[in-house]
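In terms of our numbering, the sequence shown opens at residue -12 and continues consecutively.
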Amino acid sequence: GTGVATVAAPSAAPAPCRAVTLFAVNGAGAAGGETLAAVTDPLVQQAGDRLAVVGVPGPEVGASYATSEQQAVTSLTDSVAQQLAACPDGDAMLFGYSQGAHVAGDVAARVGSGGEPRIPADRILAVGLFGDPARDPSARVVPEGVTGQGVLPARSGDFGALAGRTIEVCAPDDPVCATAAGTTAPP
């Protein structure tokens, strides 16, 4: 097997217990699956059975974005908490693309600030946010020198205890994560 599972709604642990479970959150309408696979597939090849990848749907297309994003945050938070509870010797990583980066980033900020007691920050090994529409201009970003911010308002607070394990990946002049301050978000 490839070690990849896709979950729609959490119930029990979303994946078999492994040393690390990587939760990969796609953009709206499953956008970004190929982008995240370009990152996760080599990790699976390198780590083998020590790594499970769980594909997580991002916000729904056609729904209120704010409501849909918060539902996706709740779903991801529940999935990670269930996985860590079922696998006490395992850790997790959070990756997200576009709207999925918004979701994964919001979960990381909540965990890093101590606002999610079911997920200890020391069990989140890494957070990778690719094209985060809520990127704060002061967040660590690669490539170095990318200016601007996400097209949506920056998430409140920072990544707290996860700041040193969180990286924002944003292409220069990206219309989602490298916009000028005051840019109006698309409808």
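Even glycine gets a Cβ: it sits at the ideal position worked out from N, Cα and C.
Close Cβ partners of residue i (< 6 Å) along its chain, the five nearest in sequence each way excluded
| i | result |
| --- | --- |
| Arg105 | Ala68 |
| Ala126 | Glu155 |
| Ala113 | Met80 and Arg152 |
Anticipated Cβ contact below 8 Å, residue i with residue j, distance rounded
| i | j | result |
| --- | --- | --- |
| Gly147 | Gln86 | Contact flag wrong, Cβ pair sits at about 22 Å. |
| Ala0 | Ala73 | 4 Å |
Whole-angstrom distance between residue j and residue i, CA atom to CA atom
| i | j | result |
| --- | --- | --- |
| Ala88 | Gly115 | 8 Å |
| Ser55 | Cys164 | 20 Å |
| Ala34 | Tyr52 | 35 Å |
| Gly118 | Pro44 | 16 Å |
| Gln144 | Pro29 | Rather than Gln, the amino acid found at residue 144 in this sequence is Gly. Distance between the alpha carbons of Gly144 and Pro29 is about 32 Å. |
Which listed residue (the options) has its alpha carbon closest to that of residue i
| i | options | result |
| --- | --- | --- |
| Ala6 | Cys157, Ala39, Leu149 and Ser66 | Ala39 |
| Pro130 | Pro124, Val31, Pro159 and Asp65 | Pro159 |
| Ala91 | Gln32, Pro162, Cys4 and Leu63 | Leu63 |
| Gly42 | Thr22, Ala53, Gly49 and Ser51 | Thr22 |
| Ala11 | Tyr84, Ser143 and Pro3 | Tyr84 |
| Arg37 | Ala2, Cys157, Val48 and Ala168 | Ala2 |
| Ala121 | Leu9, Asp109 and Asp161 | Asp161 |
Close-in-space but distant-in-sequence residues of the same chain around residue i (CB under 7 Å, 5 per side omitted)
| i | result |
| --- | --- |
| Thr170 | Val138 |
| Pro75 | none |
Bridge-paired residues (DSSP) for residue i
| i | result |
| --- | --- |
| Val48 | Val48 is not bridged to any residue. |
| Gly83 | Val12 and Leu116 |
| Glu155 | Leu116 and Val128 |
Same chain, Cβ closer than 8 Å to residue i, five either side skipped, listed in chain order
| i | result |
| --- | --- |
| Glu103 | Thr64, Ala68, Val94 and Arg97 |
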